[in-house]
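Protein chains in written order, with this note's numbering: chain A, 1 to 388; chain B, 389 to 473. A virtual CB, placed ideally from N, CA and C, is assigned to each residue, including glycine. Please read these numbers as outputs of a predicted model, since none were measured by experiment. See below for the structure under consideration.
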Amino acid sequence: MTGGIDFAAFRSEPAANALVGRINRLTERAGGTSERPIALMEVCGTHTVAISRFGLRAMLPPGLRLLSGPGCPVCVTPLIEIDRSIAAATMPDVIVATFGDMMRVPGSHRSLESVRADGADVRIVYSPMDALEVARKNPAKLVVFLGVGFETTSPIIAATIVAAAREGISNFTVLPFFKTVPAALDMLAAVPGRPLDGFICPGHVSVIIGSDAYLPVARDRNIPCVVTGFEPLDILAGVVMLLEQVVAIREATGSAGVAVQYSRAVTPEGNTTAQGLMDDVFAVYDAEWRGIGVVPATGQTLSKKYEMFDATKRLEIDVPTPVGESGCICGEIMLGRNLPPDCPHFGAACTPRSPVGPCMVSTEGSCAAFYKYEQGWRSGDPDGTEEK
Amino acid sequence: MCLAVPGRILEVEGTKGRVDFNGISREADLTLLPDAEAGDYVLVHAGFAIQRLDEAEARETLKLFGELAEALEQEDADRSDRESS
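What follows is the structure in C-alpha cells.
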C-alpha cells in the first residue's frame, strides 16, 4: 500500500479562514443581508451535527443563514410508527432489534427503553446483519428489525433481507419506515413562507443514489444543489460552491445546477449495486414525514417478492390513535421556517433528558445538536455572544 | 444516522473484509462493493462498506484547500507590508 489520505488535513484552520473569507465576499456580492439573508439548507443529520459541533454557523456572515432540514430519519418517523414498534416489542415471542437512536424516542405513552426495562426483549445492534444473527440464534422467536433510514441505510437492510432469503431465515423481519431524499427536496424547495437559495445535499445518501439524482430539483426549481462531505472544510467549501451559483443566478450569468464537493466519495451515478438491491427489495409509496405530512413517492416498503420479511404482514400490530406532543415546532424547524432557539420549549421544557418533540430526541436532531453545541446562538446574534 | 467512517481494507474473504480504522480493525460486509480489494479506502456505514474513496480526488481537494490557505497568507503578508510601508 502506498500514499494514503491525510484526513486530519480536512480540518486545517488556515484553509478554513480562507474559505470563510471567500464566503464573506460571495455573500456580499450576492446581496445577502441580515434582514434578507441567503438561506442554504442541509438535509442530513450528520451535516446538522457537524455544523453545530464545529461551530460553523458562528463563523458565517449575518447575510448567510444555514437552515436545518428534515435530515434525521428518526425525527421524521411518525409517532404511530414509534407506537407500533413499541407494541411489537411487548408481544410474546418477539425480539425487536434496532439501531440505538430509536430507544429513547417517546411514543404516545412509553419508549422502547422503558418497555425493555419492564422485560421486553429489545436489542440494540450496530448492523442489520447483527439482527440477522439474533434471528439465526433464536429460531423460535420472530425478530423485528426497525427499518429506519434514508438511502444510506436502506440498501444495507435490503442486502440483509436478501441474505435472510438466501439462507432461509424466515423468522427475520423488518418494520419498514424508510424514506428517500430527492422528492423530499422538491417538496422543500416549494415550501411557502421562507426563501431558500440552495441545498447542501447529503453526502452519504448521495454515495448511494449519485449526484445526478438532484438534477430535476436543480433544473425544475432553479435551486443550486451541492453534494458536500462532512469535515469542516468540506462544508465550508460546499457553501462557497453554492454561493458561486447564487451569485451567478442573481447576476443572470448562470442557472442552478448540481455540483459535487465530496468528489472523493460521490459519483454522478452512485453505487449501482446498492440501487439494484433497493429496486429488487423495495416498493415505493407515499410516506408520511412526522411534522411535515405525506410526501409523494418518498417511502420504501418491501416489494411483493420479499413481503414475507415485512413485519406488518406477520404480526397484527394495532395501536390506538397516537397522543402527540403539544406546542412543539419541530415541523416548522424541519421545513426551514424556524431554528431551534425560536421554539418556546427549547432548553426549557424540552431538553435531551426530557424531550418534548422528535428533533430533541435523536442526537442528530436539529434541536439536540443546537442544545449540545450552540446554546448561545440566536437569530441575529451570529457570534453567540448574547446572554441566555 | 448516515454516519459513515473511512477505513482501509486489510484483507478480503468472500463478501467480508477486515477494515482498519486508524489502528482498530473490524469486519465489514462488502456485498455493496463487490470488487473491493485490499488496500482500498472505503466508507463503512452500519457494518457495510458503501463506497470506495478515491485517493486522487481526496488529494486534489486537499491541494485546493492548501492553495487557498497559501493565497490567504500571501494576502495577509502583502497587507502587512503595505501597512508597515
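*Please decide whether B:Asp428 counts as near chain A, where near means a Cβ-Cβ distance under 7 Å.*
Against the second sequence, residue 428 of chain B aligns to sequence position 40. Chain A places no beta carbon closer than 7 Å to that of B:Asp428, leaving this residue out of the contacts.
_Can you look up A:Val143 in the DSSP assignment and give me helix, strand or coil?_
Against the first sequence, residue 143 of chain A aligns to sequence position 143. Per DSSP, reduced to three states, the secondary structure at A:Val143 is strand.
*Among residues of its own chain, excluding the 5 on either side of A:Thr390, which ones have a beta-carbon nearer than 8 Å to its beta-carbon?*
Only positions 1 to 388 of chain A appear in this structure, which leaves residue 390 of chain A out of reach.
*Does B:Phe436 get closer than 7 Å to chain A when you measure Cβ to Cβ?*
Mapped onto the second sequence, residue 436 of chain B falls at position 48. Cβ-Cβ to chain A under 7 Å: yes for B:Phe436.
*Would you check if the distance between the CB atom of A:Leu132 and the CB atom of A:Ala88 is smaller than 7 Å?*
The count along the first sequence starts at 1 and reaches residue 132 of chain A at position 132. The count along the first sequence starts at 1 and reaches residue 88 of chain A at position 88. Annotated as distal: A:Leu132 and A:Ala88, with beta-carbon spacing of 7 Å or more.
_Close beta carbons around A:His345, own chain, < 7 Å, minus the five adjacent residues each side_ = Within the first sequence, numbered from 1, the residue matching residue 345 of chain A stands at position 345. Excluding the 5 residues flanking it on each side, A:His345 has same chain C-beta neighbours closer than 7 Å at Gly327, Cys328, Val356, in chain order.
*asked:* With a threshold of 7 Å between beta carbons, is A:Ile80 in contact with chain B?
replied: Within the first sequence, numbered from 1, the residue matching residue 80 of chain A stands at position 80. Chain B has no Cβ within less than 7 Å of the Cβ of A:Ile80.
_Any beta carbon of chain B sitting closer than 7 Å to that of A:Tyr126?_
Taking the first residue of the first sequence as position 1, residue 126 of chain A is located at position 126. Taking CB atoms only, A:Tyr126 has a neighbour in chain B less than 7 Å away.
*So what does DSSP say about A:Ile235, is it helix, strand or coil?*
The residue labelled residue 235 of chain A in the question sits at position 235 within the first sequence. Correct three-state label for A:Ile235: helix.
*Taking Cβ-Cβ distances shorter than 7 Å, what residues in chain A pair up with B:Leu456?*
The residue given as residue 456 of chain B occupies position 68 in the second sequence. Proximity of chain A to B:Leu456 at the Cβ level (cut-off 7 Å) is accounted for by Ala15, Ala18, Leu19, in chain order.
*Residues that A:Tyr285 bridges to, as DSSP identifies them*: Position 285 of the first sequence, counted from the first residue, corresponds to residue 285 of chain A. Residue pairing by DSSP puts A:Tyr285 in a beta bridge opposite A:Gly299.
*asked:* Can you check which of these residues, A:Ala248, A:Leu146, A:Ala265, is closest to A:Ile5 by C-alpha distance?
replied: Sequence index remark: in the first sequence, residue 5 of chain A carries index 5 (1-based). Looking from the CA of A:Ile5, the closest CA among A:Ala248, A:Leu146, A:Ala265 belongs to A:Ala265.
*asked:* Given a cut-off of 7 Å on the beta-carbon distance, is the pair A:Ser362 and A:Cys44 in contact?
replied: As a first step, residue 362 of chain A is located in the first sequence; it is residue number 362 there, counting from the start. As a first step, residue 44 of chain A is located in the first sequence; it is residue number 44 there, counting from the start. Contact: no.
*What is the DSSP secondary structure of A:Cys367, reduced to helix, strand or coil?*
As a working mapping, residue 367 of chain A is identified with position 367 in the first sequence. A:Cys367 carries a helical assignment under DSSP once its states are collapsed to helix, strand and coil.
*Please state whether DSSP places A:Glu35 in a helix, a strand or coil.*
Here residue 35 of chain A is taken as the residue at index 35 of the first sequence, counted from 1. Here A:Glu35 sits in coil by DSSP.
*On the premise that A:Val281 lies in contact with A:Ile169, defined as a C-beta separation below 8 Å, what is that separation, rounded to the nearest angstrom?*
Here the question's residue 169 of chain A lines up with position 169 in the first sequence. Here the question's residue 281 of chain A lines up with position 281 in the first sequence. Actually they do not touch by this definition, with Cβ atoms about 15 Å apart.
*Using a threshold of 7 Å, state whether the C-beta atoms of A:Ser366 and A:Ile317 are closer than that.*
Residue mapping note: residue 366 of chain A aligns to position 366 of the first sequence, counting from 1. Residue mapping note: residue 317 of chain A aligns to position 317 of the first sequence, counting from 1. Going by beta carbons, A:Ser366 and A:Ile317 fall outside the 7 Å limit.
_Taking its Cβ as the centre, do 16 or more other Cβ atoms sit within 10 Å of A:Pro106, making it buried, or is it exposed?_
For this step, residue 106 of chain A is matched to residue 106 along the first sequence. Counting C-beta atoms within 10 angstroms of its own C-beta, A:Pro106 has 16 or more neighbours from the protein chains shown and is therefore classed as buried.
*Count the other C-beta atoms from every protein chain shown that fall within 10 angstroms of the C-beta of A:Asp93, then say buried if there are 16 or more, exposed otherwise.*
In the first sequence, the residue the question calls residue 93 of chain A occupies position 93. So A:Asp93 counts as exposed.
*asked:* Less than 7 Å between the C-beta atoms of A:Ile38 and A:Gly32, yes or no?
replied: For the purposes of this step, residue 38 of chain A is taken as residue 38 along the first sequence, with counting starting at 1. For the purposes of this step, residue 32 of chain A is taken as residue 32 along the first sequence, with counting starting at 1. Yes, they are a contact pair.
_Check whether A:Leu188 and A:Leu19 have beta carbons under 7 Å apart_ = For the purposes of this step, residue 188 of chain A is taken as residue 188 along the first sequence, with counting starting at 1. For the purposes of this step, residue 19 of chain A is taken as residue 19 along the first sequence, with counting starting at 1. No, the pair does not count as a contact, with Cβ atoms beyond the cut-off.
*What span of residues does the alpha helix (DSSP H) with A:Glu133 cover, start to end?*
For the purposes of this step, residue 133 of chain A is taken as residue 133 along the first sequence, with counting starting at 1. In this chain, the alpha helix (DSSP H) harbouring A:Glu133 covers 128-137.
*Does A:Met129 get closer than 7 Å to chain B when you measure Cβ to Cβ?*
As a first step, residue 129 of chain A must be located in the first sequence, where it is residue number 129. Yes, contact with chain B.
_Where A:Cys44 meets chain B, residues with beta-carbon distance less than 8 Å_ = For the purposes of this step, residue 44 of chain A is taken as the residue at position 44 of the first sequence. Here the neighbours are Cys390.
*Determine the burial state of A:Val143: buried for a count of at least 16 other Cβ atoms within 10 Å of its Cβ, exposed for fewer.*
Sequence index remark: in the first sequence, residue 143 of chain A carries index 143 (1-based). Burial call: buried.
_Among the candidates A:Leu315, A:Trp289, A:Val258, A:Glu244, whose CA atom is the shortest distance from the CA of A:Phe178?_
Here the question's residue 178 of chain A lines up with position 178 in the first sequence. Nearest C-alpha to A:Phe178 among A:Leu315, A:Trp289, A:Val258, A:Glu244: A:Trp289.
*By Cβ distance, which residues of its chain are closer than 6 Å to A:Pro239, with the 5 residues on each side in sequence left out?*
Reading the first sequence from its first residue, position 239 is the one you call residue 239 of chain A. The question names Pro, but residue 239 of chain A is Val in the sequence shown. Result list for A:Val239: Ile23, in chain order.
*How would you list, in chain order, the residues of chain B whose beta-carbon sits under 9 Å from the beta-carbon of A:Pro73?*
Here residue 73 of chain A corresponds to residue number 73 of the first sequence, with the count starting at 1. Annotation: Cβ neighbours of A:Pro73 in chain B (cutoff 9 Å, chain order): Met389, Cys390.
*Would you grab the beta carbon distance between B:Leu418 and B:Ala437 for me? Rounded to a whole angstrom, and I think it's under 8 Å.*
Within the second sequence, residue 418 of chain B is the residue found at index 30, counting from 1. Within the second sequence, residue 437 of chain B is the residue found at index 49, counting from 1. That pair is a contact at about 5 Å.
*What's the C-alpha gap between A:Gly55 and A:Glu374?*
Locating residue 55 of chain A in the first sequence gives position 55, counting from the first residue. Locating residue 374 of chain A in the first sequence gives position 374, counting from the first residue. In a straight line, the C-alpha of A:Gly55 is about 7 Å away from that of A:Glu374.
*In whole angstroms, what separates the C-alpha of B:Leu421 from that of A:Pro128?*
Reading the second sequence from its first residue, position 33 is the one you call residue 421 of chain B. Reading the first sequence from its first residue, position 128 is the one you call residue 128 of chain A. So the alpha carbons of these two residues sit roughly 17 Å apart.
*Cβ neighbours of A:Ala190 in the same chain (closer than 8 Å, five flanking residues each side left out)*: As a first step, residue 190 of chain A must be located in the first sequence, where it is residue number 190. So the list reads Arg221, once near-sequence residues are dropped.
*What residues from chain B crowd round A:Pro202, counting only those whose CB sits closer than 8 Å?*
Position 202 of the first sequence holds residue 202 of chain A. Within chain B, the residues near A:Pro202 are Cys390.
*Leaving aside the five residues before and after B:Lys404 along the sequence, list all residues of the same chain whose C-beta is less than 8 Å from its C-beta, in chain order.*
Translated into positions along the second sequence, residue 404 of chain B becomes position 16. Short of 8 Å from the beta carbon of B:Lys404, and not among the five residues preceding or following it, lie these beta carbons of its own chain, in chain order: Glu415, Ala416, Asp417, Leu418.
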